[in-house]
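This note's numbering applies: residue 466 is where the sequence shown begins, and numbers increase by one.
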Amino acid sequence: MIEILRTTDLPRAREAGALVADILAAVRDRAGVGTNLLEIDAWTRAMIVDAGAVSCYVDYEPSFGRGPFGHYICTSLNDAVLHGRPRDHTLADGDLLTLDLAVSLGGVVADSAISFVVGETRRPADLALIDATERALEAGIAATGPGARIGDLSHAIGTVLDEAGYRVSTEFGGHGVGTTMHQDPHIPNKGRPGRGYKLRPGLLLALEPWVMADTDRLVTDDDGWTLRSVTGCRTAHSEHTVAVTDDGVEILTLPTR
């Protein structure tokens, strides 16, 4: 299903996006060496509940997972890149952490992800991974607008990742959002321009480039959810929810502070 929201729905989408962005920013500021991943999940739960929002993850049970996700945020650490299930694990200096969050507020969903390094140690290769996904996200957003096609977005994202020297997997990618978290159209992180669904005002999209340092192959943890690089290499993931408008595109998941 591809859902087109009405103009009157956009203020609610903005509120949902701001909440997601503010929660991610607050968790990033608070997380540090010694923080437990389960603490991050608890902080997120409290902020979602306090805002009167609804988690998109707790009862999420797609075909590729093993039972309900059961947590409020994805915490993907180091070689984990997607769907990282929070567990009893303490962050260490130099860890590369990705937080991915989706909530519904006022009946509209927003979805965003950030990657960052914990503590003081900064590996150049880790920073390059993060930078590549952020630049690819910017390129995908720049290609978004009424009349553009999904292939244009995929090509823009994939070109940045290719030029940065990373292998690009199309197994998981961006997607439509609206009253539910995962909708059509699927937005691969690599593609051919001029192909695919033509974007229309009122469409909400979650664009999410992600890469692994030396592979494009994933392996699933025993928890049935966490996806890691098959080689154990480091990973990064960046995501924004955007709205296609009459005259372009609006990023919804920017922090308000």
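C-beta: ideal position from N, C-alpha, C; glycine also. Note that this is a predicted model, so its numbers are computed, not measured.
Pair within 8 Å by beta-carbon distance, G559 and V583:
Cβ atoms of G559 and V583: closer than 8 Å.
Between the CA atoms of T473 and D679 - distance to the nearest angstrom
Looking at the two C-alpha atoms, the distance is approximately 45 Å.
Would you call the stretch 606 to 613 in contact with the stretch 568 to 581, where contact means no fewer than 3 C-beta pairs closer than 8 Å?
They do not touch, by the three-pair rule.
Where DSSP assigns a beta bridge to I469, which residues make up the other side?
According to DSSP, which records beta bridges pairwise, I469 is partnered with L668.
Would you check if there are 3 or more beta carbon pairs closer than 8 Å linking the stretch 669 to 689 to the stretch 632 to 647?
Enough Cβ pairs lie closer than 8 Å, so yes.
Residue ranges of each beta strand (DSSP E) within the stretch 512 to 551, 3 or longer:
Secondary structure remark: continuous beta strand (DSSP E) runs of at least 3 residues inside the stretch 512 to 551, in chain order: 539 to 542 and 545 to 547.
Output the residue ranges of the alpha helix (DSSP H) runs that lie fully inside the stretch 609 to 672 and measure 4 residues or longer, sorted by chain position.
Here the runs fully enclosed are 615 to 628.
Kindly say whether A545, judged by its beta-carbon, lies nearer than 8 Å to any beta-carbon of chain C.
Reference to chain C is not applicable here, since this structure consists of a single protein chain.
Does the contact criterion of 3 or more C-beta pairs under 8 Å hold for the stretch 713 to 722 versus the stretch 678 to 694?
No: the two stretches stay apart, fewer than three of their Cβ pairs being nearer than 8 Å.
Beta-carbon proximity check, G612 vs K663, cutoff 8 Å:
In terms of Cβ geometry, G612 and K663 form a close pair [threshold 8 Å].
Beta-ladder partner(s) of L503, from DSSP:
DSSP links L503 through a beta bridge to no other residue.
Residues sharing a beta bridge with S694, DSSP
According to DSSP, S694 bridges with L683.
Three-way DSSP call (helix, strand, coil) for A496 in this model
Three-state DSSP puts A496 in coil, outside helix and strand.
Residue environment, S703, which counts as buried when at least 16 other CB atoms sit within 10 Å
Label assigned to S703: buried.
Using only the alpha-carbon positions, how far apart do V546 and A601 sit?
Going by C-alpha positions, V546 is about 16 Å away from A601.
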